[in-house]
Amino acid sequence: MIGNLTALVLIVLAFILILSAIKSVPQGFGWTVERFGQYRRTLQPGLNFILPIADRIGHKQNLMEQVLDIPPQEVISSDNAQVQTDAVCFYQVLEPVKASYEVNDLVRAMQNLVMTNIRAVLGSMELDEMLSNRDRINSELLNKVDDATDPWGVKVTRVEIRDISPPRDLVDSMARQMKAEREKRAQILEAEGEREAAIKVAEGKKQSQILDAQGELEAARLEAEARERLAEAEAKATEVVSAAIAGGDARAINYFVAQKYVDALGKLAESDNNKVMMIPLEASSVIGSIAGISEIAKDVTRHSA
């Protein structure tokens, strides 16, 4: 009976030892194995075996990319502006051995490292530069933190500043400054628009004056041509009448008299005080004598031929 009990105990112990020797590592993890407290090897994802009693699992490291929230903190810029900022860090454990034995409390160490570098990078900038160069800040933080965590077997993939919050009074001051800048730009644009409009109006007046002057010049030229032709016609008529007088034609003398008579009647008609104008009966016969100039011209033409 005692022998059977002993055998049962041994079987149970053997079963427990076998179970303790079998280790199933999940995907994305790396487990370190310690033998009597000393690192021996790293178990890869899948089914693994260790030496019972002598070996034990030291650290279980997550090899997937992880997110680390950085607590908010106060930062003073180079121009003595106090802002509150927080960030987020993305990292991945590449070497489980270094992450397990080169640093104590990896998460806490990385949090403090990132916070220290945030103060260093942001503290070297002025407030305006800090608010407008988020990408450059992220890049500098990534380079510094990644270099510092390399001995820990950690690869930092990204460091992102989530928020930079100046004090309320400083925000109000910046808002007033921005409003003043917008109003200034609006006034400049309005002044430039008025100047452009004035230039356009002046150019329009100039072009209008040029066109008016060209029109007056053309009208003067046409009027001069008309006067020239009229003078030529009068000269021709005088020449014809003079030739008729020289030939003893009485109709030529009547022409000059009729012409003077017509000129006098025209001046009377143009008078502002003249309301009613009485024309003698003889005026029709005198005016009709003007038509005799055409007959005189025909006679002169026939004699010349």
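Read left to right, the sequence shown gives residues 74 to 378 (the working numbering).
Beta carbons: idealized from backbone N, C-alpha and C, even for Gly.
| Query | Result |
| --- | --- |
| Chain-order list of residues whose beta-carbon lies under 6 angstroms from that of K217 (same chain, five-residue window excluded) | N190 |
| heavy atom of the ligand FMN below 7 angstroms from G110 C-beta | Looking at this structure, you won't find the ligand FMN or any other ligand, since it has none at all. |
| With 16 other Cβ atoms within 10 Å as the buried cut-off, status of M137 | exposed |
| Alpha-carbon spacing of L228 relative to T222, whole angstroms | It is Lys, not Leu, that sits at residue 228 in the sequence shown. K228 and T222: Cα-Cα distance of roughly 7 angstroms. |
| Secondary structure of S97, DSSP reduced to three states | strand |
| Short Cβ contact (8 angstroms threshold) for V166 with Q117 | no |
| One or two residues paired with Y164 in a DSSP bridge | Q139 and V229 |
| Chain-order list of residues whose beta-carbon lies under 6 angstroms from that of G131 (same chain, five-residue window excluded) | T105 and E107 |
| Secondary structure, beta strand (DSSP E): runs of 3+ residues fully inside the segment 183–242 | 227–238 |
| Identity of the residues DSSP links to F102 by a beta bridge | N135 |
| Close beta carbons around A182, own chain, < 6 angstroms, minus the five adjacent residues each side | V176 |
| I84, buried or exposed, once every other Cβ within 10 Å from all chains shown has been counted against 16 | exposed |
| Same chain, Cβ closer than 6 angstroms to D383, five either side skipped, listed in chain order | This structure leaves residue 383 out entirely; the chain is present only between 74 and 378. |
| Cα-Cα separation between R255 and L262, rounded to whole angstroms | 10 angstroms |
| Residue interval of the alpha helix (DSSP H) (run including S173) | P169 to Y174 |
| Q282 (DSSP reduced to helix, strand or coil) | helix |
| Where the beta strand (DSSP E) containing G110 begins and where it ends | G110 -> no beta strand (DSSP E), and no H or E assigned at all. |
| C-alpha distance - I123 paired with I234, whole-angstrom precision | 44 angstroms |
| With 16 other Cβ atoms within 10 Å as the buried cut-off, status of L354 | Caution is warranted here: a pLDDT of 46 is assigned to L354, below 50, making its placement in the model unreliable, and no coordinate value can be reported. |
| Exposure of L195, with buried meaning 16 or more beta-carbon neighbours within 10 Å | buried |
| Spatially closest choice to S212 from L92, A264 and V232, by CA coordinates | V232 |
| Counterpart residues of F88 in DSSP-defined beta bridges | Paired residues: none, contrary to the question. |
| Boundaries of the beta strand (DSSP E) in which L120 is found, first to last residue | G119 to F122 |
| As assigned by DSSP and simplified to three states, the class of I126 | coil |
| Residues bridged to I149 (per DSSP) | Q155 |
| C-beta contact flag for S197 and S151 at 8 angstroms | yes |
| Contacts around R114, its chain only, beta-carbon distance under 7 angstroms, and the 5 residues preceding and following it disregarded | V106 |
| C-alpha distance - R192 paired with V180, whole-angstrom precision | 19 angstroms |
| Residue nearest to A172 in terms of C-alpha spacing, selected from L200, P145, F102 and T158 | F102 |
| Rounded straight-line distance, which links the Cα of E147 to that of L200 | 13 angstroms |
| Cut-off 8 angstroms between Cβ atoms - residues of its own chain near Q100, not counting five sequence neighbours on either side | P118 |
| Assigned exposure category for S92 - 16 Cβ within 10 Å defines buried | In the sequence under discussion, the amino acid at residue 92 is Leu, which differs from the Ser named in the question. Under this definition L92 is an exposed residue. |
| Spatially closest choice to V187 from K252, E289, P144 and I95, by CA coordinates | P144 |
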